[in-house]
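Right, one structure below, let's go through it.
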Amino acid sequence: MPTFEARVALATTAEKLFDYIVHPAHLAGIMPPETPLEVIESPERLELGSQLVVDLDGFGPTQRLTYEVTAFEEPVSFTETMISGPLGAWVHQRRIIPGEELVELVEEVNFEPPSGLAGLLLTAPRIEASLTSGFAHRHRRLRELLEAK
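Per my numbering, the very first residue in the sequence shown carries number 1474; after that it's consecutive.
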C-alpha cells in the first residue's frame, strides 16, 4: 500500500492544533480551492468511533466519502479510516509532536488506488501528486489561521 507523509511545524500549542483539526467545520477553510470539500454529516467534534461524511470535488464527478475515527489520543494523534468511497483503501493518521517553541504536525496517508477502470485513471503517482499539493495548501492555511491567534 503506498504511503504519503507531510509535515509542518507551527508556532502554536499541541492542544490548540489538535482542537482545531478535530472540528470538521474547519475542513472547508483549509482545503485547496481546486478540491473543494463539503461536510455532509459529522459530529461537532471528532472522537473515537465518530463518522464523517464528505463530498469531494476535483477528480471528475463529486465523490461521497465516509470516514471513521479508528484511533484517538488527545492531544497527540488520531486516525481516520475510509469506510466508503472511491479508493481501494485510505487511512489518514495525524500525529502532533510538541517542541519547545513549535509543534510538528505529521500527517501520514496509506492508500490504495481504486480498482477497475477508475484505477487506470487515478493511479498512485497521480494520487501522490494531488496529496503533495493539497497538503502544502492545507499546511499553509493552518499556519495562517493558527499562528495569527
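Note that beta-carbon positions come from the ideal geometry of N, C-alpha and C, so glycine has one too.
Bear in mind the structure is a predicted one, so any value in this text is a computation, not a measurement.
Bridge pairing for S1557: T1539 [DSSP]. In the DSSP assignment, H1496 forms no beta bridge with any residue. According to the DSSP assignment, A1597 belongs to no beta strand (DSSP E) but to the alpha helix (DSSP H) extending over 1597–1620. Shown here, L1519 sits in coil according to DSSP, grouped into three states, outside any helix or strand. With respect to the C-alpha of E1601, the residue from E1517, E1585, A1591, R1611 having the closest C-alpha is E1585. Note on T1476: under 16 other CB atoms within 10 angstroms of its CB, so exposed under the neighbour-count rule. L1519 has its alpha-carbon roughly 6 Å from the corresponding atom of H1496. When only Cα atoms are considered, L1538 and T1508 end up about 14 Å apart.
Here the alpha carbon of R1568 sits roughly 17 Å from the alpha carbon of E1574. E1620 and G1589 have their alpha carbons spaced roughly 43 Å apart.
Non-local C-beta neighbours of W1563 in its own chain, meaning closer than 6 Å and more than five positions away in sequence, comprise M1555, F1584, ordered along the chain. Between E1546 and E1553, the alpha-carbon positions lie close to 12 Å from each other. With fewer than 16 other Cβ atoms from the protein chains shown falling within 10 Å of its own Cβ, I1513 counts as exposed. For L1575, the secondary structure class from DSSP, reduced to helix, strand or coil, is coil. Taking a C-beta distance under 8 Å as the contact criterion, E1541 and Q1524 qualify as a contact pair.
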